[in-house]
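Residue numbers (the working numbering): 2 to 484.
Beta carbons are placed, not taken as given, at the ideal position from N, Cα and C, and that holds for glycine.
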Ligand code: NFE
Ligand code: MG
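Structure below.
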């Protein structure tokens, strides 16, 4: 059988648009993926938009990068600005800012995980009701009995209400969501009343029940019924986490989910040296002058078309190696999850992490002082170099900031989806998703649902905007649901 190229474009039920191209061949009698291309189809240029602006604009502008992880971008920018403005010290204002940031950022993780499991992933495993939004869609098999399908469909509907609750909870302190204006250089805009705490706590308890009684058991059910996905989608098995949720006000705070790295074949958790992060661009539509540069010096100069380039995502690498980021990486690095790396492990780790974060939020809410100003005033710097390294729901997130003449002179953002869905690097090594797709069996080349299941396990986000796609002349192009 000749090698068949299949392009799924756009991949739906993600945030934004993505195109995945796979080559399928028969190996040892099994039709399977033998090569994969993860293709980011849009250029947005936020890093250039930020140049020459007031540094304090960074929290507001970077929040607009995405509607599903805006709080993480606001937090990363606020961390970079705190460092640039030399906001430090163990003060009541700093404690209030840290707790408020953790609470609103935590609400974002809960909202995002519920969205991902029920609305974006579950339809890969169950056929829902014979009506929109479940139809049109691909036949996904019938391993769940009708009673379970009815129960999961009811949970799907309940999940929509719980997502809304998570947003409303975050907005109590965030002012509004998704794009909260409350994260600012030097702290946070809210001052909590007792009534705020009571309302936030009521939402939180409802969400904890939903996560414990619905989300985790439903994720476990998936694992029991689709065990082959515990052996599919592993990829490079390198895991990286910057860490998130500060537990104290020091310069190197204890984190609820700590910073670290697990490298394939190396026992234990290794440290993270941010100087070893570089983005490679041989296969990305960016100027080769920026190849393999650390974000402190790398620029964003689009070049389209370019040689063998095929994506608008750069290829971030740590010490030259591709690393997967996300809940599975965080939970493994933190010692909270040790079942392995696979498509199903990503779902299992994400569900358990969501409960861990929600339970920690209980503690932060109890600690949050009443009527306490959460802002520390500082003089704006004329020059500064700083970074904000944190996590977004989908994984390690970094913002790098340079200030000159009191303006932003340089800003670089490296998002989790850039790590996970990067194209090949300049040494030709596949990105984490690309590697995870190799060997995935494809039963029906016209409806490669197995590929979708592995893609969705990473929870990709490529923000929506105008996009440009070009199918190869001989490629079969599928728009899922309309095929
Ligand atoms: Ni748009 Fe995001 C998260 C970030 S993924 S969702 O989580 O940063 O790149
Ligand atoms: Mg970038």
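In this chain, residue 116 is not harboured by any alpha helix (DSSP H), its DSSP state being neither H nor E. Under DSSP, residue 318 forms a beta bridge with 279. At a threshold of 8 Å, residue 42 does not count as near ligand 2, since its beta carbon sits no closer than that to any of the ligand's heavy atoms. Taking one beta carbon from each stretch, the segment 307-317 and the segment 41-58 have 3 or more pairs nearer than 8 Å; the two touch. Around the beta carbon of residue 265, fewer than 16 other beta carbons lie within 10 angstroms, which makes this residue exposed. Each of 409, 108, 272 was checked against the Cα of residue 383, and the nearest Cα belongs to 409. Below 8 Å, too few C-beta pairs join the segment 366-382 and the segment 339-355 to call them touching: fewer than three. With a cut-off of 8 Å on Cβ pairs, the segment 407-424 is in contact with the segment 388-397, counting three or more such pairs.
Sequence-distant partners of residue 378 (beyond 5 residues in either direction) whose C-beta falls short of 7 Å from its own C-beta, in its chain, are 187. By the Cβ-count criterion, residue 339 is exposed, with fewer than 16 other Cβ atoms from all chains shown falling within 10 Å of its own Cβ. Looking only at 346, 425, 74, the smallest Cα-Cα distance to residue 234 is reached by 346. Counting along the chain, the unbroken alpha helix (DSSP H) around residue 174 starts and ends at 147-175. Cβ contact annotation for residue 71 (same chain, cutoff 6 Å, sequence separation greater than five): 64, 179, 180, in chain order.
Contact between the segment 301-311 and the segment 268-279 is not established, with fewer than three Cβ pairs separated by less than 8 Å.
For ligand 2, no non-hydrogen atom lies closer than 8 Å to the CB of residue 22.
In this structure the segment 438-451 lies against the segment 24-34, because at least three pairs of beta carbons, one per stretch, are closer than 8 Å. In the structure shown, the three-state DSSP call for residue 51 is coil. The closest CA to that of residue 298, considering only 438, 411, 288, is found on 411. Contact fails between the segment 147-161 and the segment 246-258, because fewer than three Cβ pairs, one in each stretch, are under 8 Å apart. Contact check for residue 268 against residue 286 fails: the beta carbons are separated by 9 Å or more. Between residue 15 and residue 457, the CB-CB gap stays under 9 Å.
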